[in-house]
Amino acid sequence: MRSFQVMLFVLCVLAGIYLLVVAPEFFMPARDVREPGYLFSPGAARALGGGLLSFAAMGVIYLRHQYYSEERRLPEPAVQKLYFALTVLGLGLMTLALNLAEPAPPPPPVQSESPAP
1 MRSFQVMLFV
11 LCVLAGIYLL
21 VVAPEFFMPA
31 RDVREPGYLF
41 SPGAARALGG
51 GLLSFAAMGV
61 IYLRHQYYSE
71 ERRLPEPAVQ
81 KLYFALTVLG
91 LGLMTLALNL
101 AEPAPPPPPV
111 QSESPAP
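In the numbering used here, the protein residues as written are 1 to 117.
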């Protein structure tokens, strides 16, 4: 279970840094084919990256208090307030990113130029 948590932590850090620094414009398809997906602008991608980094910071707090301390105990009230603030910040940035993204139809499939054998 710890390896899964660390993998998600590393994924949040790497994806968050990539979205924050590079800020690519990308399309996120919807679950259902009949519904349009979302086209994320660079600003929405940066907001999404900030939300992921906020969740990664929450992971650092969790891993430090649960796995890498000699004595497992509840975090102090100041750390709990920081954890709550990071939760609100992460959810707010992800909500902002989804609100900034524009509904768009899926892009057409890319045709290969080489002939099929």
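Heads up, the beta-carbon is just placed ideally off N, CA and C, and yes, glycines get one too.
Rounded to whole angstroms, the gap between the alpha carbons of residue 93 and residue 71 is 34 Å.
The beta carbons of residue 90 and residue 49 sit no closer together than 8 Å. Residue environment for residue 7: exposed (fewer than 16 other C-beta atoms within 10 angstroms of its C-beta). Residue 10 and residue 20 have their C-alpha atoms some 15 Å from each other.
With a threshold of 16 other beta carbon atoms within 10 Å, residue 45 meets it and is buried.
The continuous alpha helix (DSSP H) containing residue 18 extends over residues 2–21. The stretch 95–103 makes no contact with the stretch 56–70: fewer than 3 CB pairs, one atom from each, lie closer than 8 Å. An exposed status is given to residue 3, since fewer than 16 other beta-carbon atoms sit within 10 Å of its beta-carbon. The C-alpha of residue 52 is placed about 22 Å away from the C-alpha of residue 78.
Under the three-state reduction of DSSP, residue 62 is assigned to helix.
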